[in-house]
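Undergrad:
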Amino acid sequence: MSPRAKRPAPAAPRTAIGIDVGGTGVKAAVVDLVTGELASPRLRVKTPQPATPEAVIAAIGGIVDQLVADGHVTPGMPAGAGLPGVVKAGRLMTAANIDKSWIVAPAEAMLSARLGRVVRLVNDADAAGLAEATFGAAKGVQGTVLLLTIGTGIGSALFIDGHLLDSTEFGHVTYRGKDAETLVSGAARERRGLGWKKWGREFSEYMALLERWFWPDLIILGGGVSKEYAKYSRFLTARAPIVTAQYLNTSGIVGAALAAADIGIAAAVLAREDATDPGTAGPRKAGPDGGLASRATAQAADVAASLVIEDQPTR
Ligand code: BGC
Numbered sequence: 494m495s496p497r498a499k500r501p502a503p504a505a506p507r508t509a510i511g512i513d514v515g516g517t518g519v520k521a522a523v524v525d526l527v528t529g530e531l532a533s534p535r536l537r538v539k540t541p542q543p544a545t546p547e548a549v550i551a552a553i554g555g556i557v558d559q560l561v562a563d564g565h566v567t568p569g570m571p572a573g574a575g576l577p578g579v580v581k582a583g584r585l586m587t588a589a590n591i592d593k594s595w596i597v598a599p600a601e602a603m604l605s606a607r608l609g610r611v612v613r614l615v616n617d618a619d620a621a622g623l624a625e626a627t628f629g630a631a632k633g634v635q636g637t638v639l640l641l642t643i644g645t646g647i648g649s650a651l652f653i654d655g656h657l658l659d660s661t662e663f664g665h666v667t668y669r670g671k672d673a674e675t676l677v678s679g680a681a682r683e684r685r686g687l688g689w690k691k692w693g694r695e696f697s698e699y700m701a702l703l704e705r706w707f708w709p710d711l712i713i714l715g716g717g718v719s720k721e722y723a724k725y726s727r728f729l730t731a732r733a734p735i736v737t738a739q740y741l742n743t744s745g746i747v748g749a750a751l752a753a754a755d756i757g758i759a760a761a762v763l764a765r766e767d768a769t770d771p772g773t774a775g776p777r778k779a780g781p782d783g784g785l786a787s788r789a790t791a792q793a794a795d796v797a798a799s800l801v802i803e804d805q806p807t808r
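Mapping to our numbering: the sequence shown position 116 is 609, numbers consecutive.
(1) State the Cα-Cα distance for the pair LEU703 and THR743, rounded to the nearest angstrom.
(2) Should TYR740 and ALA624 be called a contact, given that it needs their Cβ atoms to be closer than 8 Å?
(3) Less than 8 Å between the CB atoms is what I'm expecting for TYR725 and GLY693, so what's the real figure, rounded?
(4) Short of 6 Å in beta carbon distance, which residues of its chain neighbour ALA750, apart from the five on each side in sequence? Order them along the chain.
(5) Which two residues bound the contiguous beta strand (DSSP E) that contains ASP513?
(6) Would the beta-carbon of THR642 be found less than 7 Å away from any heavy atom of the ligand BGC?
(7) Just to confirm, are GLY715 and ALA752 a CB contact at a threshold of 8 Å?
(8) Going by Cα to Cα distance, which pick from ASP558, ALA600, LEU651, THR545 is closest to LEU536?
(9) Output the distance between the C-alpha atoms of ALA774 and LEU641, rounded to the nearest integer angstrom.
(10) Within its chain, find whatever has a CB closer than 8 Å to the CB of VAL621; leave out the 5 residues flanking it on each side and keep chain order.
(11) At a threshold of 7 Å, does ASP659 count as lining the ligand BGC (C-beta to nearest heavy atom)?
(12) Where does LYS778 fall in DSSP's three states?
(13) Assign LYS690 to one of three DSSP states: helix, strand, or coil.
(14) Quick check on the DSSP output: what are the complete beta strand (DSSP E) runs of length 3 or more inside the region 600-681, in order along the chain?
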């Protein structure tokens, strides 16, 4: 039996770092996984342009370094990062609203190397859904729950009796002969100059398509456009009840941290090794990224200069 096998099983972590990579901002905070509340300030930097993996990871690294420096992060605390694309085996397989160079880059390994901790990548809408299913509008809801995030694109998360069917991409179904998000996302509404009534009716038609195929018992609207719900709710019709997400600004962060929780056992083992073996303490050396960690140290100085401490909402 190996020495590790004799150790008692480590407890699941109580906190994790949640990271949300959006079109305009990269945000992160430490999340209390029991309450769903933020356990640190929420830090934000502008999303670098072009938003390549190297640039975004440098931005994330700068924010997390700050959280570490401020004493909010314990060794081995796991991290989750929500990104706008399909995630398979730690890599983005699609990149509709982020630099195409993300596709198949070993992003999870690169981020783990930079942050010196285990990192789990998750689709941003799936992350938002996890927050709602665990603490918010979908908590305890049985049956089929569909969450749509409406912003630059349209993201989706589908739950069946509380279980996530990950990587649904309902923003890309064909609606009126086009990729749906190019017609009815928040960005598309602005680009097309549509008022709330016209947009609301089209969005309703789009939801009707999804209803015809999936028959959700509850529809949750999230993302930036859900904050304007009062302006268009009267133009929406659906068979299922529609509610807005309860987490508006922090769903991505909270959900990404939740996604990291199931890697928390491994993280706890690493933390204990770091604590007992000074030789392995601190950020691990870059492995599969070919030295990204050291290059990123220089870039972190730029990130630190542009870092903004947002307020500390718990939702
Ligand atoms: C992407 C999804 C993402 C959504 C919201 C879509 O373009 O394909 O993966 O969840 O945008 O960011």
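A virtual CB, placed ideally from N, CA and C, is assigned to each residue, including glycine.
TA: The structure says:
(1) Distance from the CA of LEU703 to the CA of THR743, rounded to the nearest whole angstrom, comes to 26 Å.
(2) yes
(3) The pair is a contact, with the Cβ atoms about 4 Å apart (cut-off 8 Å).
(4) Sequence-distant partners of ALA750 (beyond 5 residues in either direction) whose C-beta falls short of 6 Å from its own C-beta, in its chain, are ALA509, GLY511, VAL524, GLY573.
(5) 508-514
(6) yes
(7) Inclusion of GLY715 and ALA752 in the CB contact set at 8 Å is not warranted, their separation being larger than that value.
(8) ASP558
(9) Interpretation of ALA774 is limited by its pLDDT of 36, a score under 50 that renders its predicted location unreliable; the figure taken from the coordinates is listed afterwards. Approximately 41 Å, taken between the alpha carbons.
(10) It should be pointed out that residue 621 corresponds to Ala in this sequence rather than to Val. Contacts found: GLY575, LEU640, THR642, GLY648, ALA650, GLY715, GLY716, ALA738, TYR740, SER744, GLY745, GLY748.
(11) No - the ligand BGC has no heavy atom lying nearer than 7 Å to the Cβ of ASP659.
(12) Residue placement at LYS778 cannot be trusted, given a pLDDT of 33 that sits under 50; the coordinates are not used to answer.
(13) helix
(14) DSSP assignment within the region 600-681 yields the following whole beta strand (DSSP E) runs of 3 residues or more, N-terminal first: 612-616, 637-643, 647-653, 656-658.
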